[in-house]
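Chemist: To start, I am sharing the structure in question, which I have written as structure tokens.
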Amino acid sequence: MPLQFKNLNVKYRLSGAEDNTITALNNISLKINEGECVSIVGESGSGKTTLALASMKLLSQNAIMTGSVVINGVDTSELSSEEMRKIRWNEISIVFQNYGDVLNPVHKIINQVAEPLIKNGESRNTALDKSSKMLDYMKIKTGRSMLYPHQLSAGERQRVLMAMALITDPGMLVLDEPVASVDAITKLYLAEVIRKQVNLGKAVLLITHDLSFAALCSDYTVVLYSGNILESLPSEELLDAPRHPYTRALVRSFPVMERAKDLAGVRGAPPSQTSTPKGCIFQPRCTQSIDVCLERSPQAVSTNGGGVVVCHRGGIATMISVENISKSYKDIEVLKDVSLKLDEGEILALVGETGSGKTTLAYLIAGTIKPDGGKIIFREKGLDKIDRKEFAKMVGIVYQSPRDSISHRFSVFEAIAEPLVIHNAFDNESAGKIKNALREVQLPVDDYFMRKYPHELSGGELQRVAIARALILEPDLLIADEATSFLDPSVQAKILRLLLNLQNERGISMIFVTHDIGVARKVSDRVAVLHDGRIVENSPTHHIIENPQHEYTKRLIDAVKSSKISDL
Amino acid sequence: MHIRPFQEFKKNRIGVTGLVMFLLLSTTAILAPAIAPHDPWDYSDRSFQPSSMNHLLGTNDIGYDIFSELLWALRTSVFFGVSVAAIACTIGLILGVSAALVGGLYDLVVMRIVDALLAIPSILVLILIAAYFRPSTMILVITLSLIIWQTIARGVRAQTLSLKTKLHIKAARNMGASTVYIMRKHILPELFPLYAMGFVTKARIAVFMEAGLSFLGIFDPTTKSLGIMMSYAMRYLYLDVWFNWLLPAVLSLSMLIVSLALISYAIEEIFDPRLKGGNNAATV
Ligand SMILES: Nc1ncnc2c1ncn2[C@@H]1O[C@H](COP(=O)(O)OP(=O)(O)OP(=O)(O)O)[C@@H](O)[C@H]1O
Ligand code: SF4
Ligand SMILES: [Mg+2]
Chain A
0 MPLQFKNLNV KYRLSGAEDN TITALNNISL KINEGECVSI VGESGSGKTT
50 LALASMKLLS QNAIMTGSVV INGVDTSELS SEEMRKIRWN EISIVFQNYG
100 DVLNPVHKII NQVAEPLIKN GESRNTALDK SSKMLDYMKI KTGRSMLYPH
150 QLSAGERQRV LMAMALITDP GMLVLDEPVA SVDAITKLYL AEVIRKQVNL
200 GKAVLLITHD LSFAALCSDY TVVLYSGNIL ESLPSEELLD APRHPYTRAL
250 VRSFPVMERA KDLAGVRGAP PSQTSTPKGC IFQPRCTQSI DVCLERSPQA
300 VSTNGGGVVV CHRGGIATMI SVENISKSYK DIEVLKDVSL KLDEGEILAL
350 VGETGSGKTT LAYLIAGTIK PDGGKIIFRE KGLDKIDRKE FAKMVGIVYQ
400 SPRDSISHRF SVFEAIAEPL VIHNAFDNES AGKIKNALRE VQLPVDDYFM
450 RKYPHELSGG ELQRVAIARA LILEPDLLIA DEATSFLDPS VQAKILRLLL
500 NLQNERGISM IFVTHDIGVA RKVSDRVAVL HDGRIVENSP THHIIENPQH
550 EYTKRLIDAV KSSKISDL
Chain B
0 MHIRPFQEFK KNRIGVTGLV MFLLLSTTAI LAPAIAPHDP WDYSDRSFQP
50 SSMNHLLGTN DIGYDIFSEL LWALRTSVFF GVSVAAIACT IGLILGVSAA
100 LVGGLYDLVV MRIVDALLAI PSILVLILIA AYFRPSTMIL VITLSLIIWQ
150 TIARGVRAQT LSLKTKLHIK AARNMGASTV YIMRKHILPE LFPLYAMGFV
200 TKARIAVFME AGLSFLGIFD PTTKSLGIMM SYAMRYLYLD VWFNWLLPAV
250 LSLSMLIVSL ALISYAIEEI FDPRLKGGNN AATV
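Chains as they are written, first to last, in numbering that gives the first Met the number 0: chain A, 0 to 567; chain B, 0 to 283.
What follows is the structure in structure tokens.
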């Protein structure tokens with residue numbers, strides 16, 4: 000076992016009182032095998048660098064460490080600093096995050112890369128020769144190896160550090176942000192280098208912000224949050240099937256080329272590290288927390304994807320599962336054996352041509368019509384067993400035709416107030432709430448506008464009134480049937496942004512029915528394609544767009560591409 | 000298209016004229032006991048007196064003060080019209096809405112009754128009942144109500160059925176609204192033109208029926224009635240009483256009926272698209 004962390008705790012003592020500490024790492028257990036690359040991802044300040052430093056026994060003076068780091072079966076806490084120095088560079092080497100401090104400004108880089116070899120007793124000439132080859136390998140142009148660090152670009156310096164780490168051919172490699180300032184092509188090359196080293200049998204601990212780089216290089220990814228491991232999962236699942244709400248939020252805030260969905264940050268800020276909460280550390284930012292999350296800290300549970308997730312709910316919970324639903328109107332079979340899942344906080348786009356059964360499926364999920372066969376489960380309860388009024392409070396619906404869905408007798412104000420009135424929730428604060436809702440959907444909030452009747456509004460305005468009405472009770476699920484079809488592109492963009500924001504801030508789940516795969520691509524996490532009453536495809540949005548499997552999906556995408564080439 | 004009925008009505012000259020006429024007539028009728036100069040059952044005076052300051056329209060064959068009698072007769076007409084209309088509308092509304100909402104066997108039964116009532120000639124039935132039983136005014140009011148509600152029920156049912164499928168009502172249901180809420184906020188307001196129209200039409204029929212029956216003499220003769228006045232005035236036409244006796248009665252009756260006709264004309268004009276039975280006008 001080359002590198003292993005056992006119940007590692009690191010605290011930093013802060014200036015002042017003795018017990019004034021912050022927790023940088025909390026009970027980390029982790030192992031990295033030979034020929035394996037594990038990446039650590041997490042927000043800034045989550046303790047990634049601390050972990051890297053701990054592995055090399057390089058923590059600063061004010062750090063208090065408990066637990067152990069085992070290198071090749073040797074517990075490093077028992078080693079003297081002399082013994083440790085030997086291990087460093089020869090058995091385990093590191094590429095530091097802050098390269099500037101590491102390189103000596105008065106020595107040529109070729110000399111600096113050769114230095115560990117010379118210290119190991121190799122002749123100066125062989126060392127320089129190897130150094131030059133290694134710099135070549137790192138794609139530093141021959142002439143440039145004679146330069147001084149300050150004459151190199153940031154990316155070049157990064158590669159010089161990499162060369163330094165590799166020159167002694169250690170069995171373990173710790174890389175702290177090796178690609179933070181390199182361009183995409185170099186990044187790809189470095190990924191190749193890392194993969195090659197892993198295949199040669201090295202154990203690599205890769206610390207990175209860059210989720211796609213983690214997915215590309217590593218076998219496993221460990222998600223660190225405020226010093227705690229929240230999830231570890233096979234890296235190929237990182238971008239497509241994260242299990243922990245935090246991992247998903249990270250993925251959503253990370254720009255990936257293929258992904259067109261707008262980015263959203265992780266809501267809220269990381270917790271204070273001076274006190275440890277009783278419950279789940281992610282709870283204040285979690286959109287699916289339950290009572291127990293406040294009381295007890297969750298245990299790690301294994302997922303069926305081969306990873307481990309630390310969450311009371313076993314990771315992202317399923318909100319709705321539709322199981323083998325069928326539905327006919329008279330003799331026409333509209334839906335045939337449809338199954339579908341919707342996670343908490345997920346936006347699912349239901350795409351398909353007119354008459355493919357999109358609205359029927361949406362209404363079935365909304366509980367407004369009953370299926371002929373199969374069942375629908377909402378938060379682990381059969382839909383038919385849930386009180387209709389309670390359910391109505393949790394589900395907002397935007398109908399396909401806004402003009403028909405709002406009574407012509409209701410003014411804008413009355414229309415948006417209706418759900419509040421129905422649920423006896425109309426009080427002195429309601430007027431303010433309604434104004435807020437109007438603002439959110441980009442409508443005026445003056446009395447004149449609020450007194451207008453539907454026939455005095457444009458289709459787009461009405462649609463936004465309908466959206467405001469659907470959101471006024473702060474539902475957990477929004478079913479939007481062509482909710483943006485009447486809107487001009489600029490308002491549409493704003494509404495889509497609003498919906499994404501709701502997803503991010505409130506963790507609202509959405510079923511976004513649309514015939515426009517271009518819109519689906521912008522908002523949804525997943526796309527289900529409905530064709531002839533069946534779901535012919537159901538995958539993460541960027542997969543569907545990049546690599547549609549079904550003939551029908553391909554046609555759908557081609558149609559959009561040819562008509563909206565500029566927008567894509 | 001959205002319609003705010005009261006604003007629209009206010010702008011409708013014909014409607015306003017009708018309403019003002021009706022209100023004047025009914026106020027007079029209500030105040031009859033207070034403003035009638037004589038007791039209309041007091042026959043102590045000389046008969047066939049011409050108009051004078053004491054007897055504005057003179058006296059009749061048995062010495063009643065015709066003017067006082069006219070006011071009381073108008074009172075009967077208005078009372079009859081309004082009560083019949085109110086009762087018939089209430090029955091029609093309740094049965095029509097409930098038939099549409101409940102459906103099933105209940106709906107079937109209600110609709111069969113409606114069909115049956117539509118088939119029989121209500122005037123004839125009323126004449127027979129009145130002639131045979133000589134019922135009191137109250138009984139007659141109820142009887143007439145019971146045989147003329149069917150058209151209202153039918154219209155209300157049709158409209159409710161079409162409303163039921165409207166998206167905004169489904170939407171309210173999906174928001175968790177109760178049936179009572181939906182009735183109050185979405186269905187009854189929508190039905191307003193129907194029962195406004197029904198009310199006026201039924202009132203007109205009732206006023207006309209009451210006058211007709213009493214003219215034919217098959218109505219409680221002790222009640223003051225425009226029909227009875229006309230029928231007696233006709234008997235003494237040779238005495239040249241048409242001007243102070245027949246004409247006022249005929250004019251009063253006509254004005255009452257005309258006022259109601261004007262109102263219904265206005266309502267029809269305002270709500271026209273929707274009176275033609277549950278099309279989409281309500282939501283287009
Ligand atoms: N020497 C130190 N003294 C006190 N606190 C420290 C020290 N080093 C790090 N910390 C704190 O420990 C926490 C973890 O820091 P660390 O550098 O490991 O984060 P990181 O995940 O590497 O962040 P980044 O992505 O920005 O590199 C942070 O809150 C940081 O402020
Ligand atoms: S559901 Fe609970 S345990 Fe899971 S991440 Fe959210 S707050 Fe933590
Ligand atoms: Mg760091």
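Don't be surprised by glycine CBs; every beta carbon is placed ideally from N, CA and C.
Going along the chain, which residues of its own chain have a beta-carbon closer than 6 Å to the beta-carbon of residue 98 of chain B, five neighbours each way excluded?
Modeler: For residue 98 of chain B, where only same-chain residues beyond five positions count, the Cβ hits under 6 Å are 106, 109, 156.
Chemist: Strictly by DSSP, which residues pair up with residue 511 of chain A?
Modeler: Residue 511 of chain A pairs with A/348, A/479.
Chemist: Please check if any C-beta of chain A sits within less than 8 Å of the C-beta of residue 171 of chain B.
Modeler: Residue 171 of chain B counts as touching chain A.
Chemist: Return yes when the Cβ of residue 508 of chain A is within less than 8 Å of the Cβ of residue 344 of chain A, no when it is not.
Modeler: Going by C-beta atoms, residue 344 of chain A is nearer than 8 Å to residue 508 of chain A.
Chemist: Between the Cα of residue 22 of chain A and those of A/250, A/50, A/117, spot the shortest distance and give me the residue it belongs to.
Modeler: Out of A/250, A/50, A/117, A/50 has the C-alpha closest to the C-alpha of residue 22 of chain A.
Chemist: Throw me the rounded Cβ distance for the residue 70 of chain A and residue 39 of chain A pair, which I believe falls under 8 Å.
Modeler: Actually they are not in contact, since the Cβ atoms of residue 70 of chain A and residue 39 of chain A sit about 17 Å apart, beyond 8 Å.
Chemist: Could you list which residues in chain A have their beta carbon closer than 8 Å to that of residue 188 of chain B, in chain order?
Modeler: By Cβ distance, chain A contributes 408.
Chemist: Within the 8 Å Cβ cut-off, does residue 388 of chain A reach chain B?
Modeler: Residue 388 of chain A counts as touching chain B.
Chemist: For residue 398 of chain A, decide whether its Cβ has a neighbour in chain B, counting only Cβ atoms nearer than 8 Å.
Modeler: It does: the Cβ of residue 398 of chain A has a partner Cβ on chain B nearer than 8 Å.
Chemist: For a quick check, are the C-beta atoms of residue 459 of chain A and residue 480 of chain A less than 8 Å apart?
Modeler: Not a contact, by the Cβ cut-off of 8 Å.
Chemist: Residue 561 of chain A bridges to which residues according to DSSP?
Modeler: Beta-bridge pairing links residue 561 of chain A to no other residue.
Chemist: Suppose contacts are defined by Cβ-Cβ distances below 8 Å. Is residue 87 of chain B in contact with residue 148 of chain B by that definition?
Modeler: Yes.
Chemist: Would you say residue 270 of chain B touches ligand 2, meaning its beta carbon is less than 7 Å from a heavy atom?
Modeler: No, ligand 2 has no heavy atom inside 7 Å of this Cβ.
Chemist: Just to check my reading of the structure: residue 559 of chain A and residue 517 of chain A have Cβ atoms closer than 8 Å, yes? What is that Cβ distance to the nearest angstrom?
Modeler: Their Cβ separation, rounded to whole angstroms, is 5 Å, which keeps residue 559 of chain A and residue 517 of chain A in contact under 8 Å.
Chemist: Using a Cβ cut-off of 7 Å, pull out every chain B residue sitting near residue 418 of chain A, in sequence order please.
Modeler: Residues of chain B passing the Cβ test: 174.
Chemist: Kindly list the residues whose CB is nearer than 8 Å to the CB of residue 325 of chain A, restricted to its own chain and excluding five residues on each side of it in sequence; keep chain order.
Modeler: Around residue 325 of chain A: 332, 334, 335, 336, 337, 370, 371, 372, 373.
Chemist: Just confirm the distance between the C-beta atoms of residue 23 of chain B and residue 247 of chain B, as a whole number of angstroms; I'd bet it's less than 8 Å.
Modeler: 15 Å between Cβ atoms; not a contact.
Chemist: Just to confirm the assignment, what range does the alpha helix (DSSP H) spanning residue 503 of chain A have?
Modeler: Element bounds for residue 503 of chain A: 488-505.
Chemist: Where does residue 451 of chain A fall in DSSP's three states?
Modeler: Of the three classes helix, strand and coil, the one that applies to residue 451 of chain A here is coil, per DSSP.
Chemist: Please determine whether the Cβ atom of residue 289 of chain A lies at a distance below 7 Å from any heavy atom of ligand 2.
Modeler: Result yes, Cβ under 7 Å from ligand 2.
Chemist: Let me know the secondary structure DSSP gives residue 155 of chain B once reduced to three states.
Modeler: Note: residue 155 of chain B maps to helix in three-state DSSP.
Chemist: Counting only the same chain and skipping the five closest in sequence on each side, list residues whose C-beta sits under 7 Å from that of residue 19 of chain B.
Modeler: Correct list: empty, nothing qualifies.
Chemist: Give the DSSP bridge partners of residue 63 of chain B, in chain order.
Modeler: Residue 63 of chain B is not bridged to any residue.
Chemist: Would you call residue 362 of chain A buried or exposed, if buried means 16 or more other Cβ atoms sit within 10 Å of its Cβ?
Modeler: By the neighbour-count rule (16 or more Cβ atoms within 10 Å), residue 362 of chain A is buried.
Chemist: What residues from chain B crowd round residue 365 of chain A, counting only those whose CB sits closer than 7 Å?
Modeler: Within 7 Å Cβ-Cβ: 173.
Chemist: Excluding the 5 residues flanking residue 59 of chain B on each side, which residues of the same chain have their C-beta closer than 6 Å to its C-beta?
Modeler: Excluding residues within five positions, the ones whose Cβ falls inside 6 Å are 65.
Chemist: Going by DSSP, what residue range makes up the alpha helix (DSSP H) through residue 17 of chain B?
Modeler: Residues 12-34.
Chemist: For residue 142 of chain B, which option in B/8, B/26, B/83, B/223 has the closest C-alpha, if you only look at C-alpha atoms?
Modeler: It is B/83 whose Cα lies nearest to the Cα of residue 142 of chain B.
Chemist: What in chain B is Cβ-close to residue 457 of chain A, meaning under 8 Å?
Modeler: Those do not exist, as residue 457 of chain A stays about 15 Å from chain B at its closest Cβ, beyond 8 Å.
Chemist: How many whole angstroms separate the CB atoms of residue 495 of chain A and residue 483 of chain A, which I take to be in contact at a CB cut-off of 8 Å?
Modeler: With a Cβ gap of about 7 Å, residue 495 of chain A and residue 483 of chain A count as contacting.
Chemist: Here's the rule I'm using: 16 or more other beta-carbon atoms within 10 Å means buried, otherwise exposed. How should residue 140 of chain B be labelled?
Modeler: Label assigned to residue 140 of chain B: buried.
Chemist: Could you compute how far the alpha carbon of residue 166 of chain A sits from the alpha carbon of residue 492 of chain A?
Modeler: If I take the Cα positions, the gap works out to 52 Å.
Chemist: Just mark residue 88 of chain A as buried or exposed, buried being the case when its beta carbon has 16 or more other beta carbons within 10 Å.
Modeler: Under this definition residue 88 of chain A is a buried residue.
Chemist: On a Cα-Cα basis, can you pick out the residue from A/515, A/223, A/180, A/125 that is closest to residue 544 of chain A?
Modeler: When each option's Cα is compared against that of residue 544 of chain A, the closest is A/515.
Chemist: Return the CA-CA distance between residue 398 of chain A and residue 478 of chain A, expressed in angstroms with no decimal places.
Modeler: If you take the alpha carbons of residue 398 of chain A and residue 478 of chain A, they lie about 8 Å apart.
Chemist: Output the boundary residues of the alpha helix (DSSP H) element that contains residue 185 of chain A.
Modeler: Taken as a continuous stretch (DSSP letters only), the alpha helix (DSSP H) holding residue 185 of chain A covers 183-198.
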